[in-house]
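J.: Let me give you the structure first, and then I'll get to my questions.
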Amino acid sequence: MVHESTPRVPRLPESIPVHTDPAPLTCPTRGRRTPRRAAPAPPSKAVPPGTATTTAAAGPHHARTSPSPSPTIPVRPIAERTRAGLLLVLVRRSPFTQAFAGHYVVVDEDSGIRCYTSKQSYEQAPQRPVLHVPFWRETRNSRGSRFKRAAVCWPLILPEDCPQATDPTFTYFAVDFVNNEAKHEKLVFAAPTPAERDAWVHFLTKYIDMYLVPRAQSEELQYLTRGAAVPQHKSAVLEGEAPGGTVR
Numbered sequence: 001m002v003h004e005s006t007p008r009v010p011r012l013p014e015s016i017p018v019h020t021d022p023a024p025l026t027c028p029t030r031g032r033r034t035p036r037r038a039a040p041a042p043p044s045k046a047v048p049p050g051t052a053t054t055t056a057a058a059g060p061h062h063a064r065t066s067p068s069p070s071p072t073i074p075v076r077p078i079a080e081r082t083r084a085g086l087l088l089v090l091v092r093r094s095p096f097t098q099a100f101a102g103h104y105v106v107v108d109e110d111s112g113i114r115c116y117t118s119k120q121s122y123e124q125a126p127q128r129p130v131l132h133v134p135f136w137r138e139t140r141n142s143r144g145s146r147f148k149r150a151a152v153c154w155p156l157i158l159p160e161d162c163p164q165a166t167d168p169t170f171t172y173f174a175v176d177f178v179n180n181e182a183k184h185e186k187l188v189f190a191a192p193t194p195a196e197r198d199a200w201v202h203f204l205t206k207y208i209d210m211y212l213v214p215r216a217q218s219e220e221l222q223y224l225t226r227g228a229a230v231p232q233h234k235s236a237v238l239e240g241e242a243p244g245g246t247v248r
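In UniProt numbering, the protein residues as written are 1 to 248.
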């Protein structure tokens, strides 16, 4: 008699679970989250000009808002702040002689008075004038007091004021200022006509005061039109006490 033996199924290790489900082995899905599709971004809206925009920062609850543009400050045209043209200027030829020579003169609200040998020199190197007179200069006395010494415009210069001002075809005027050595000095100009002189004086008196000497020739200049009722720069005490109690 032949006995048929049933084949033994090999026992798997206990550490490996036995799956009796005929379905293929898969990783358990319990506890897993199904990924969600990102919602489509809403269509962007056009931002009108001048509206502040918001920029997202690193954190979800932090946002930075850009400031609104500041209002534009109107800038005065160059013609209102600067006057330029050709004038004769009294310059030193040698340590003992002075003579008038043609210069391109530029009067600027910020830089004062600058003189160049020509207009081309000004255009090529405006920062290198041959003569420069600031509208005011700060000085100190022996006690350390500080003073603002403003330049002054003389609208009429006669031969008694300047021996070289003798040509009757020109009208002379000057600017009195304090030099680097804290001494008063005059820069004398010659204009071809009285009207041209008046135009320069009118512009200069926007920034500095006008000085009239007490003589008969100055009477006709008493009503000369000034650029400003109160010029921008006046001599004053900045700190301390002025010698004699006044500053011219």
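Note that the Cβ used here is the ideal one computed from N, Cα and C, for glycine as well.
Counting only the same chain and skipping the five closest in sequence on each side, list residues whose C-beta sits under 7 Å from that of E185.
T.: The answer, listed in chain order, is F177, N179.
J.: With DSSP as the reference, label F177 as helix, strand or coil.
T.: DSSP places F177 in strand when its eight states are reduced to three.
J.: For the putative contact between T171 and A191, defined by C-beta atoms under 8 Å, what is the C-beta separation to the nearest angstrom?
T.: 5 Å between Cβ atoms; contact.
J.: Using CA coordinates, which residue listed in Y207, C115, P126, F135 is at the minimum distance from Y104?
T.: Residue C115 is the option with its Cα nearest to Y104.
J.: Using CA coordinates, which residue listed in D161, T193, E219, R226 is at the minimum distance from P168?
T.: Per the Cα distances, T193.
J.: Bridge partners for H184 per DSSP, in chain order?
T.: Looking at the DSSP assignment, H184 forms a beta bridge with V178.
J.: Quick one: what's got a C-beta closer than 8 Å to F173's C-beta in the same chain, skipping five residues either side?
T.: These residues qualify, in order along the chain: C153, W154, P155, L156, I157, V188, F189, A191, R197, W200, V201.
J.: Please check the pair F135 and G102, which I expect to be a contact at CB under 8 Å, by giving their CB distance rounded to whole angstroms.
T.: So it is not a contact: roughly 24 Å between Cβ atoms.
J.: I'd like the list of long-range same chain contacts for residue 249, defined as Cβ closer than 7 Å, with 5 residues on each side in sequence excluded.
T.: Coverage of the chain is limited to positions 1 through 248, which leaves residue 249 absent and any answer about it impossible.
J.: Residues in its own chain within less than 7 Å of T166 by CB, not counting five upstream and five downstream?
T.: Excluding sequence neighbours, T166 sits near P159.
J.: At 4 residues or longer, and completely inside the stretch 183-234: list those alpha helix (DSSP H) runs for me, N to C.
T.: Here the runs fully enclosed are 194-204.
J.: Please give me, in chain order, every unbroken run of the beta strand (DSSP E) with length at least 3 that falls completely inside the stretch 139-169.
T.: Runs found: 146-150, 152-154.
J.: Quick one: is E239 buried, meaning 16 or more other Cβ sit within 10 Å of its Cβ, or exposed?
T.: When all chains shown are included, E239 counts as exposed.
J.: If you reduce the DSSP assignment to three classes, tell me which class G85 lands in.
T.: Looking at G85 - three-state DSSP - the assignment turns out to be strand.
J.: According to DSSP, simplified to helix, strand and coil, what is E239?
T.: Strand at E239.
J.: For S94, which beta-bridge partners are listed by DSSP?
T.: Note: S94 sits in a beta bridge opposite T97.
J.: I think A236 touches K119, with their Cβ atoms under 8 Å apart; what is that distance to the nearest whole Å?
T.: A236 to K119, Cβ: 36 Å. No contact.
J.: Can you check which of these residues, V106, E138, Y223, is closest to E123 by C-alpha distance?
T.: The residue with the shortest Cα to Cα distance from E123 is V106.
J.: Taking C-alpha atoms, which residue in L221, Y207, E241 lies nearest to G227?
T.: Nearest option by C-alpha distance: Y207.
J.: Could you check whether R146 and R137 sit closer than 9 Å to each other, using their CB atoms as the reference points?
T.: In this structure, R146 does not lie closer than 9 Å to R137 by Cβ.
J.: Closer than 7 Å by C-beta to H233: which residues in its own chain qualify, once you throw out the five before and the five after it? Chain order, please.
T.: Counting only Cβ-Cβ distances below 7 Å, and skipping sequence neighbours, we find F135, W136, A150, Y207, I208.
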